[in-house]
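Note sheet for the following structure.
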Amino acid sequence: MPQPSKREIRCDVCGQNFPSRAVIPASLIRGPVTALIREQHANWTDDSHICLPDLNRYRTDYIEKSLIEERGELSDLERQVVDSLREHEILTENLNQDYDQQVTVGEHIADIVASFGGSWTFIICFGIVMSLWITINSVALFTRPFDPFPFILLNLVLSCLAAIQAPVIMMSQNRQESKDRLRAEHDYRVNLKAELEIRHLHSKLDLLLTHQWQRLLDIQQLQTDLLEEIVEQRSPKSQRREKNPPTGS
Ligand SMILES: [Zn+2]
Numbered sequence: 021m022p023q024p025s026k027r028e029i030r031c032d033v034c035g036q037n038f039p040s041r042a043v044i045p046a047s048l049i050r051g052p053v054t055a056l057i058r059e060q061h062a063n064w065t066d067d068s069h070i071c072l073p074d075l076n077r078y079r080t081d082y083i084e085k086s087l088i089e090e091r092g093e094l095s096d097l098e099r100q101v102v103d104s105l106r107e108h109e110i111l112t113e114n115l116n117q118d119y120d121q122q123v124t125v126g127e128h129i130a131d132i133v134a135s136f137g138g139s140w141t142f143i144i145c146f147g148i149v150m151s152l153w154i155t156i157n158s159v160a161l162f163t164r165p166f167d168p169f170p171f172i173l174l175n176l177v178l179s180c181l182a183a184i185q186a187p188v189i190m191m192s193q194n195r196q197e198s199k200d201r202l203r204a205e206h207d208y209r210v211n212l213k214a215e216l217e218i219r220h221l222h223s224k225l226d227l228l229l230t231h232q233w234q235r236l237l238d239i240q241q242l243q244t245d246l247l248e249e250i251v252e253q254r255s256p257k258s259q260r261r262e263k264n265p266p267t268g269s
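Read left to right, the sequence shown gives residues 21 to 269 (our numbering).
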């Protein structure tokens, strides 16, 4: 193994000797890159040195590794979004449609009767029929009316109508009530889902802020280091050294 001369330092990664300005001590290298070097060179300590070509290679490796990891995390996020979208679709089903499918014929008729009984159409029709009935039986006094004053048959008809209408309206109300209860449960489920979804979003944001932001910062620091090295190599001092190389080299 070649022994390093006075102005040369041995690189502990490739084992070759380099001029002192082409070798970097371990203390000046950023943590994540140090970890990557230690993965492949277990005996690389804080007192070791590394040559610039090796260091640049490890820097590139680190950036590539981070980008690949980031892509993996992004596809994980995408998968989670797709999953949650699918679940959300199941939750926000059309409740009215489902409920209307289970309705029996009797309940359907009760609904129609109740909605007609509670409309202005019913009141107007009812008023017209009553006035016709009373008019016919009052004006036709000269003949023999079918329901003379005080209209006992009309009273009977009205009582029958009221007796039938009350249970029909109650039936329809019960149905409406159970529908409302279902809707309330469904709203609760959707709210719960939304809350979980928001919590999920928070954790995603945290992940972005901590992991990926930290990684981006690391990459940026590496780039800054590289730029500084380039500036140092291009500085007038080192250029002069290149133009007038010291004797003996
Ligand atoms: Zn080396």
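Positions of the beta carbon are idealized from the N, C-alpha and C atoms, including for glycine.
Quiz item: Pick from Val149, Val43, Leu227, Phe146: whose alpha carbon is nearest that of Pro73?
Solution: Val43
Quiz item: Would the C-beta of Asp81 count as close to ligand 1, meaning under 7 Å from any of its heavy atoms?
Solution: no
Quiz prompt | Residue closest to Gly51, alpha-carbon to alpha-carbon, out of Arg254, Glu248, Arg235 | solution = Arg235
Quiz item: If Ser158 and Phe169 are in contact, beta carbons under 8 Å, what's the gap, nearest whole angstrom?
Solution: 7 Å
Quiz item: Would the C-beta of Val33 count as close to ligand 1, meaning under 7 Å from any of its heavy atoms?
Solution: yes
Self-check item: Through-space distance from Leu216 to Cys71, alpha-carbon basis
Solution: 51 Å
Practice problem: Return the CA-CA distance between Met21 and Ile250, expressed in angstroms with no decimal places. | Solution: In this predicted model, Met21 has a pLDDT of only 46, less than 50, meaning its place in the structure is not dependable enough to derive any value.
Quiz prompt | Spatially closest choice to Gln122 from Ser223, Arg195, Glu84, by CA coordinates | solution = Arg195
Quiz item: Around the Cβ of Ile49, are there at least 16 other Cβ atoms within 10 angstroms (buried) or fewer (exposed)?
Solution: buried
Exercise. Look up Glu59 in the DSSP assignment and give the residues it is bridged to.
Key: Glu59 pairs with nothing; no bridge assigned.
Quiz item: Any heavy atom of ligand 1 closer than 7 Å to the CB of Pro45?
Solution: no
Quiz item: Heavy atom of ligand 2 less than 7 Å from the Cβ of Pro73, yes or no?
Solution: What this structure holds is ligand 1, not ligand 2.
Quiz item: Whose C-beta lies closer than 7 Å to the C-beta of Gly268 among residues of the same chain, with five residues either side of it excluded?
Solution: The pLDDT assigned to Gly268 is 46, lower than 50, so where the model puts this residue is not dependable; a value taken from the coordinates is nonetheless given after this. Contacts found: none.
Practice problem: Select from Ile129, Asp118, Tyr78 the residue whose C-alpha is nearest the C-alpha of Arg203. | Solution: Asp118
Quiz item: So what does DSSP say about Met21, is it helix, strand or coil?
Solution: Any reading at Met21 needs caution, since the residue's pLDDT is 46, under 50, leaving its predicted position unreliable; the model's value is listed next. The answer is coil: DSSP assigns Met21 none of H, G, I, E or B.
Quiz prompt | Distance cut-off 7 Å: Gln36 Cβ against heavy atoms of ligand 1 | solution = yes
Exercise. Go to Cys145, then tell me how far its beta strand (DSSP E) extends in each direction, as first and last residue.
Key: Counting along the chain, Cys145 falls outside any beta strand (DSSP E), though it belongs to the alpha helix (DSSP H) covering 140 to 159.
Self-check item: Assigned secondary structure, Ile129 (DSSP; H/G/I helix, E/B strand, else coil)
Solution: helix
Practice problem: Tell me whether Pro256 sits in a helix, a strand or coil according to DSSP, three-state version. | Solution: helix
Quiz prompt | Three CB pairs or more closer than 8 Å across the stretch 180 to 191 and the stretch 134 to 152 | solution = yes
Practice problem: Check whether the Cβ atoms of Arg30 and His69 lie closer than 8 Å to each other. | Solution: yes
Quiz item: Is it true that the CB of Asp66 sits closer than 8 Å to the CB of Ser47?
Solution: yes
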